[in-house]
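First the structure, in the form of structure tokens, and then the observations on it.
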């Protein structure tokens with residue numbers, strides 16, 4: 101539901117950058133989205149296609165890198181990754197003592213410009 | 021040509037949130053972003069909290085709603101300054117909406133500004149508005165599955181207030197599971213139990229709020 105607002109913020113950020121640097125158009129944009137970020141990738145793509153018209157990103161292709169939720173278990177001392185939106189226990193040993201290290205990303209990685 | 025743009029997607033919002041935050045700091049106002057699902061009891065909690073504090077803290081309120089001014093009128097009845105934002109459809113407040121109404125908020129007269137977000141357990145968690153802390157309200161009538169269905173809200177909040185506990189004996193809800201799952205998602209979350217209807221627990225929460233220091 102809030103993906104549309106997120107895409108509008110994204111387009112603002114990219115357009116500002118292009119104006120500062122003197123780029124004329126955006127050919128592609130690469131984002132990094134964590135599985136625990138609360139964002140649905142399909143909804144981001146849908147909103148981007150709808151919102152990009154009449155912006156510098158009018159012809160831009162959107163590329164999404166999805167990051168699984170991952171952390172380090174303080175008990176079994178292993179790194180783990182899960183394709184979930186949250187984790188309550190280490191998937192390897194069941195301990196509830198762990199440190200989340202990734203999965204909350206909502207980042208712009210790069211864009212291709214002219 | 022490829023250009024590295026390593027930044028948050030929400031940078032445009034975060035930048036305005038940071039400007040809001042600077043203004044709040046200039047006036048030494050503690051700012052709380054209050055979030056919950058629709059009908060959890062945010063406005064009632066605010067009314068009771070303001071009355072329990074009885075002027076011990078100078079409170080101001082920004083009311084966020086999709087439409088209408090009912091909530092602002094209720095808060096106004098407690099005698100504190102209130103500004104209504106109608107988002108006109110947006111499911112959350114963002115930093116720019118707050119920035120636009122700040123000229124109407126008497127920051128110089130306040131100790132605490134409470135921003136009552138649009139009722140929604142999903143989207144508001146994503147958008148910073150310049151707050152010092154996020155406080156979420158969950159009414160026990162919503163069920164004990166909510167922390168694991170809406171994990172981001174529980175992870176982002178510093179405080180969870182469980183409301184409507186006067187109804188517990190009529191519900192099958194497992195309040196221990198709510199506490200346990202919320203703490204699993206966010207071990208440092210501070211939990212209060214209140215009833216907006218009977219007033220139970222309100223004074224403990226109000227006293228805690230009174231003891232909060234500016235960061």
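Chains as they are written, first to last, in my numbering: chain A, 101 to 214; chain B, 21 to 235.
Ideal Cβ placement from N, Cα and C applies to all residues, glycine included.
Asked	Found
For residue 28 of chain B, the three-state DSSP class (helix, strand or coil)	strand
Enclosing alpha helix (DSSP H) for residue 95 of chain B [first to last residue]	90 to 96
DSSP-derived helix/strand/coil call for residue 185 of chain A	coil
Beta-carbon proximity check, residue 172 of chain B vs residue 57 of chain B, cutoff 9 angstroms	no
Beta strand (DSSP E) runs wholly inside the region 110 to 161 of chain A, at least 3 long, in chain order	126 to 134
Cross-strand partners of residue 132 of chain B (DSSP beta bridge)	B:50 and B:79
Residue 139 of chain A at chain B interface by Cβ criterion, 9 angstroms	yes
Residue 175 of chain A at chain B interface by Cβ criterion, 9 angstroms	no
8 angstroms Cβ cut-off: residues of chain B touching residue 106 of chain A	29, 30 and 146
Unbroken stretches of the alpha helix (DSSP H), 4 residues or longer, contained in the region 169 to 206 of chain B	171 to 176 and 195 to 205
Cβ-based burial, residue 164 of chain B [other Cβ within 10 Å; buried from 16]	buried
Chain B within 9 angstroms of residue 192 of chain A, Cβ atoms only	no
Per-residue DSSP class, three states only, for residue 201 of chain A	strand
Neighbouring residues, chain A, relative to residue 183 of chain B (Cβ below 9 angstroms)	Per Cβ cutoff of 9 angstroms: no residues; residue 183 of chain B is ~23 angstroms from chain A at best.
Beta-carbon proximity list for residue 118 of chain A, same chain, < 7 angstroms, skipping 5 on both sides	126, 156 and 213
Alpha helix (DSSP H) segment containing residue 155 of chain B, residue limits	No alpha helix (DSSP H) holds residue 155 of chain B; the beta strand (DSSP E) holding it covers 153 to 159.
Interface residues of chain B facing residue 44 of chain A [CB-CB closer than 8 angstroms]	Residue 44 of chain A is absent from the structure shown; chain A starts at 101 and stops at 214.
7 angstroms CB neighbourhood of residue 137 of chain A in its chain, flanking five on each side removed	204, 205 and 206
Meets three-Cβ-pair contact criterion under 8 angstroms: the region 102 to 114 of chain A and the region 145 to 159 of chain A	yes
Boundaries of the beta strand (DSSP E) in which residue 220 of chain A is found, first to last residue	Outside the modelled stretch of chain A, which goes from 101 to 214, sits residue 220 of chain A, for which no answer is possible.
Amino acids of chain B, ordered along the chain, whose beta-carbon sits closer than 8 angstroms to that of residue 156 of chain A	Going along chain B, no residue has its Cβ under 8 angstroms from residue 156 of chain A, so there is no contact; the nearest lies around 12 angstroms.
For residue 238 of chain B, the nearest candidate out of B:196, B:191 and B:178 (CA to CA)	The first residue shown for chain B is 21 and the last is 235, placing residue 238 of chain B beyond what the model contains.
Alpha-carbon spacing of residue 97 of chain B relative to residue 193 of chain A, whole angstroms	55 angstroms
C-alpha distance - residue 38 of chain B paired with residue 158 of chain B, whole-angstrom precision	28 angstroms
Proximal residues to residue 197 of chain B (C-beta, below 7 angstroms), its chain only, five neighbours per side dropped	164
8 angstroms contact criterion, which residue 155 of chain B and residue 54 of chain B should meet: CB distance rounded	5 angstroms
Proximal residues of chain A, C-beta to C-beta of residue 110 of chain B below 8 angstroms	105
Within 9 angstroms, strictly: CB atoms of residue 134 of chain B and residue 81 of chain B	yes
Closer than 8 angstroms at the beta carbon, the chain B residues around residue 131 of chain A	29
Environment of residue 89 of chain B [buried if 16+ CB atoms lie within 10 Å]	exposed
Test item: CB-CB of residue 128 of chain A and residue 163 of chain A under 9 angstroms	yes
Residue 40 of chain B burial status per 10 Å Cβ neighbour count (16 or more: buried)	buried
Residues that residue 145 of chain A contacts on chain B, provided the C-beta gap is smaller than 8 angstroms	Here the premise fails: no neighbours, minimum Cβ distance about 13 angstroms.
Straight-line gap, residue 187 of chain A to residue 174 of chain B (C-alpha atoms, nearest Å)	13 angstroms
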